[in-house]
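Trainee: Here you go, one structure.
In structure tokens, the structure reads:
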């Protein structure tokens, strides 16, 4: 007797899990640097319709990225404890449903990108290959988190140029954008390397590369340097843009939290719960910095 098809609500719930909408931290942590770029480029008051487009765009793009990742890894995810119950790994959803979900997500992202200026639209197009190839990097590149970090860097470039109305004749790296891009790349390397610590043993058995495997016992030190570089770059943002002291107060808070997280990672026998906890704390830090950027821009 053949199994009955899953109920529509069950399929819908599985699609939401495929898009990771049940894990908001992962959606917010991409939205944060995009909002950094928008509010700094707009000196604290970017056009609100553009802010809406940026928020929706990050949701659509991050969802598409999750589907792409799961399509690539549907035969590897069952080998990793944390990912074995994902809808494609568990065969709860078919590849066909995942591809349709991906196409809808990409169509939404592309439709939103049409509202941006030509430079921002071109940056959206340039980001697509990086997003598509990140899952493949885990198979061939020793530090795939760097590829993810470069993908995250596009969020800053797109939002900044969308708000600033970047002219093709004007140098892209104006103002504090270079510092902000560097901060975003290093920050992503830091928090995603921490996230990779949760899967290090499973990844080694499955033959999947990660920065946590690459740095080995020096991983806590590497994360510390990534966070230190993030802090220095964010200091460069504030000084270059002449932001008010409110921003530097938020910078002190975030830097202190990164220092504490680095200390925690260096402790012997750190509990496995520490890694997702630090990931979640970085979402909070990102919003603290965003509040500082808004206040620091308005009061400058």
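In our numbering, the protein residues as written are 15 to 314.
Cβ atoms here follow ideal geometry from the backbone N, Cα and C, with glycine treated the same way.
1. In angstroms, rounded to a whole number, what distance separates the CA positions of residue 190 and residue 29?
2. Can you tell me whether DSSP reads residue 129 as helix, strand or coil?
3. Under 8 Å Cβ to Cβ from residue 288, same chain only, skipping five residues before and after it: list those, please.
4. Could you give the uninterrupted runs of the beta strand (DSSP E) lying entirely in the segment 221-303, keeping only those of 3 residues or more?
5. Assign residue 232 to buried or exposed, taking buried as 16 or more other Cβ atoms, counted over all protein chains shown, within 10 Å of its Cβ.
6. Which word fits residue 41, buried or exposed, when buried means at least 16 other C-beta atoms lie within 10 angstroms of its C-beta?
7. Would you report the Cα separation of residue 219 and residue 71, rounded to the nearest angstrom?
8. Grab me the residues of residue 206's own chain with a C-beta within less than 8 Å of its C-beta, minus the 5 sequence neighbours each way, in chain order.
9. Per the contact definition of three or more C-beta pairs closer than 8 Å, is the segment 74-83 in contact with the segment 137-152?
10. Tell me which residues share the same chain as residue 256 and place their Cβ nearer than 7 Å to its Cβ, disregarding the 5 neighbours each side in the sequence.
11. Which first and last residues belong to the alpha helix (DSSP H) in which residue 79 is found?
12. Here's a check: name, in chain order, each residue in its chain whose Cβ is nearer than 6 Å to the Cβ of residue 54, leaving out the five neighbours to either side.
13. Assuming residue 177 is part of the alpha helix (DSSP H), what are its boundary residues?
14. Indicate the three-state DSSP secondary structure (helix, strand or coil) for residue 119 in the structure shown.
Mentor: Let me lay it out:
1. Stepping through the chain shown from its first residue, residue 190 is reached at position 176. Stepping through the chain shown from its first residue, residue 29 is reached at position 15. Distance between the alpha carbons of residue 190 and residue 29 is about 39 Å.
2. By 1-based counting over the chain shown, the position of residue 129 is 115. Three-state DSSP puts residue 129 in coil, outside helix and strand.
3. Numbered from its first residue, the chain shown carries residue 288 at position 274. Taken in chain order, the residues that qualify are 278 and 279.
4. none
5. Here residue 232 refers to the residue found at position 218 when the chain shown is read from its first residue. Burial call: exposed.
6. The residue given as residue 41 occupies position 27 in the chain shown. With 16 or more other Cβ atoms within 10 Å, it is buried.
7. Position 205 of the chain shown, counting from 1, holds the residue named residue 219. Position 57 of the chain shown, counting from 1, holds the residue named residue 71. Taking the straight line from one Cα to the other gives about 36 Å.
8. Counted from its first residue, the chain shown places residue 206 at position 192. Hits under 8 Å: 159, 162, 163 and 225.
9. yes
10. Taking the chain shown and counting its residues from 1, one reaches residue 256 at position 242. So the list reads 314, once near-sequence residues are dropped.
11. What you label residue 79 is simply residue 65 of the chain shown in a count that begins at 1. Looking at the DSSP string, the run of the alpha helix (DSSP H) that includes residue 79 is 62-86.
12. Working through the chain shown from its first residue, we reach residue 54 at position 40. 307.
13. Locating residue 177 in the chain shown gives position 163, counting from the first residue. 158-178 is the extent of the alpha helix (DSSP H) around residue 177.
14. Locating residue 119 in the chain shown gives position 105, where the first residue counts as 1. Helix at residue 119.
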